[in-house]
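Numbering (our numbering), first residue to last: 16 to 359.
Next up, the structure:
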């Protein structure tokens, strides 16, 4: 974010920002032959990867997009990561096939703003459609999706497959329209509510999670209660709650009406309690409806095997299976925040 501060340290030959870190070997190779004054790396096409293994991971994480041009008032990512860039679709397909060939049965697609994925005229919906066809890929999970980029076509693709994990995460940030506007978020709370209900209408047992920021400058008690009321009304599985923190170079850094830490802490606690209630109710719903849970074994020992299910709930069975084994489980009971299951 501050290349000039780094340059001022002296004896600096090259400054490389985050979006060009994979080109460091190329830059260093050039510096071996010519030591030029310190300069900031210029743009290069995103690199192609040929990753075969991710030690200690039971699922493969595949980054297909980087960057974001939204410049939300609270966020420094647009400054640090630059504009959106996507991997070529064929490269994504080949990497996914490589993961599957090396034993991974679940792939998680990740990106800074995943829903912005584009390759020419094709977007995330078209990519999901092609990935679902890969033989041996049993679970395709998506990381966080910006709500205003989620199209009906994408929802249709997500709903029309047993391969896609019914687990979707959306950054709500606030349920107050006034705060959403101040944040630079291009939607209203009613739009967000409509999206969530649309997803659940097509995928009834989907695990829906949200990001929420509390204590944004100027957030009144009324604004906070609007957020809580919206969340309370939605069919959710969990929340990730964050207190607002100032980030240099962002629009919110110098805003007036900063919220005291004590109030932010109380609001975080309030929503985390609501999150616990949502998770408990969602877990009970899976048990009551006898929803089949699918996942790969992450932990195996004397107490049995544990998976992070496609519904984002941890599930356990008394039987021991090798790590990485794909299991289909039927819920039988609930213990704390985990579901006890029988193997199908």
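Beta carbons are placed, not taken as given, at the ideal position from N, Cα and C, and that holds for glycine.
Practice item. State the Cα-Cα distance for the pair residue 50 and residue 99, rounded to the nearest angstrom. Key: For residue 50, the pLDDT reaches just 36, beneath the cut-off of 50, and the residue's location in the model is therefore unreliable, although a value from the coordinates is still provided. Roughly 31 Å separates the two Cα atoms.
**Study point:** Start-to-end residues for the alpha helix (DSSP H) that takes in residue 257
**Key:** From DSSP, residue 257 is part of no alpha helix (DSSP H) but of the beta strand (DSSP E) over 253-258.
Check your understanding: In angstroms, rounded to a whole number, what distance separates the CA positions of residue 60 and residue 188?
Key -> Residue placement at residue 60 is flagged as unreliable, the pLDDT there being 49, under the threshold of 50; the coordinate-derived value follows with that caveat. So the two alpha carbons sit approximately 32 Å from each other.
Exercise for review: With residue 94 as the anchor, note down where its beta strand (DSSP E) starts and where it stops.
Suggested key: Taken as a continuous stretch (DSSP letters only), residue 94 belongs to no beta strand (DSSP E), being part of the alpha helix (DSSP H) at 92-96.
**Study point:** DSSP three-state assignment for residue 270, whether helix, strand or coil
**Key:** coil
Practice item. With DSSP collapsed to three states, give me the class of residue 337. Key: coil
Review point. Is DSSP giving residue 250 helix, strand or coil here?
Key: It is coil, neither helix nor strand.
Check your understanding: CB-CB under 6 Å to residue 250, same chain, minus the five flanking residues each way: which ones, in chain order?
Key -> 215, listed in sequence order.
**Study point:** Three CB pairs or more closer than 8 Å across the stretch 86-95 and the stretch 132-147
**Key:** no
Check your understanding: What residue does the beta strand (DSSP E) around residue 309 start on, and which one ends it?
Key -> For residue 309, the enclosing beta strand (DSSP E) covers residues 308-316.
Check your understanding: Bridge partners of residue 348, per DSSP?
Key -> 355
Point to revise | From 105, 128, 95, 123, residue whose alpha carbon lies closest to that of residue 80 | key: 128
Check your understanding: Smallest Cα separation from residue 157: which of 203, 223, 260, 209?
Key -> 223
Practice item. Ignoring anything shorter than 4 residues or poking outside the stretch 109-152, list the alpha helix (DSSP H) runs there in chain order. Key: 139-146
Check your understanding: For residue 211, which option in 145, 287, 245, 112 has the closest C-alpha, if you only look at C-alpha atoms?
Key -> 245
Review point. In three-state DSSP terms, what is residue 227?
Key: strand
Exercise for review: Have a look at residue 327 and residue 351 and give me their C-alpha separation to the nearest angstrom.
Suggested key: 15 Å
Exercise for review: Pull up the CB-CB distance for residue 243 and residue 285, whole angstroms please, since I reckon it's below 8 Å.
Suggested key: 7 Å
Point to revise | CA nearest to the CA of residue 143, picked from 202, 169, 118, 120 | key: Residue nearest to residue 143 within the set 202, 169, 118, 120 is 169 (criterion: CA-CA distance).
**Study point:** Span of the alpha helix (DSSP H), counted from its first residue to its last, around residue 320
**Key:** Segment 319-323 is the beta strand (DSSP E) holding residue 320; no alpha helix (DSSP H) there.
Check your understanding: Using 8 Å as the threshold, is the stretch 291-300 in touch with the stretch 257-267, meaning 3 or more CB pairs across them?
Key -> In the pairwise beta carbon analysis, the stretch 291-300 is classified as not touching the stretch 257-267: fewer than three pairs are separated by under 8 Å.
Point to revise | DSSP-derived helix/strand/coil call for residue 343 | key: Strand at residue 343.
Point to revise | Enclosing alpha helix (DSSP H) for residue 212 [first to last residue] | key: According to the DSSP assignment, residue 212 belongs to the alpha helix (DSSP H) that extends over 204-217.
Exercise for review: Go ahead and pull the three-state DSSP assignment for residue 47.
Suggested key: Reliability fails at residue 47, whose pLDDT of 44 lies under 50, so the model's placement of it is uncertain and no value is given.
Practice item. For residue 202, I'd like the list of residues in its chain whose CB is within less than 8 Å of its CB, leaving aside the five on either flank, ordered along the chain. Key: 162, 163, 195
Check your understanding: Taking contact to mean at least 3 C-beta pairs separated by less than 8 Å, is the stretch 228-239 in contact with the stretch 266-281?
Key -> yes
Exercise for review: Please report how far the alpha carbon of residue 329 lies from the alpha carbon of residue 149, in whole angstroms.
Suggested key: 26 Å
Exercise for review: Quick one: residues in its chain with C-beta nearer than 7 Å to the C-beta of residue 304, no 5 flanking neighbours on either side, listed in chain order?
Suggested key: 220
Review point. Beta-carbon separation of residue 241 and residue 290 under 8 Å?
Key: no
**Study point:** Same chain only: Cβ atoms within 6 Å of residue 262, ignoring 5 sequence neighbours per side
**Key:** Once the five neighbours on either side are set aside, the close Cβ partners of residue 262 are 91.
Point to revise | Span separating the alpha-carbon of residue 353 from that of residue 339 | key: Rounded to the nearest whole angstrom, the CA to CA distance from residue 353 to residue 339 is 19 Å.
Check your understanding: Run through DSSP, which three-state label would residue 81 get?
Key -> strand
Review point. Name the DSSP bridge partner or partners of residue 330?
Key: For residue 330, which the question treats as bridged, DSSP gives the partners 322, 354.
Practice item. State the start and end residues of the unbroken alpha helix (DSSP H) segment that holds residue 291. Key: 276-303
**Study point:** Under the three-state DSSP convention, the category residue 100 falls into
**Key:** Strand.
Point to revise | residue 184 versus residue 334 - alpha carbon distance | key: The straight-line gap from Cα to Cα measures roughly 31 Å.
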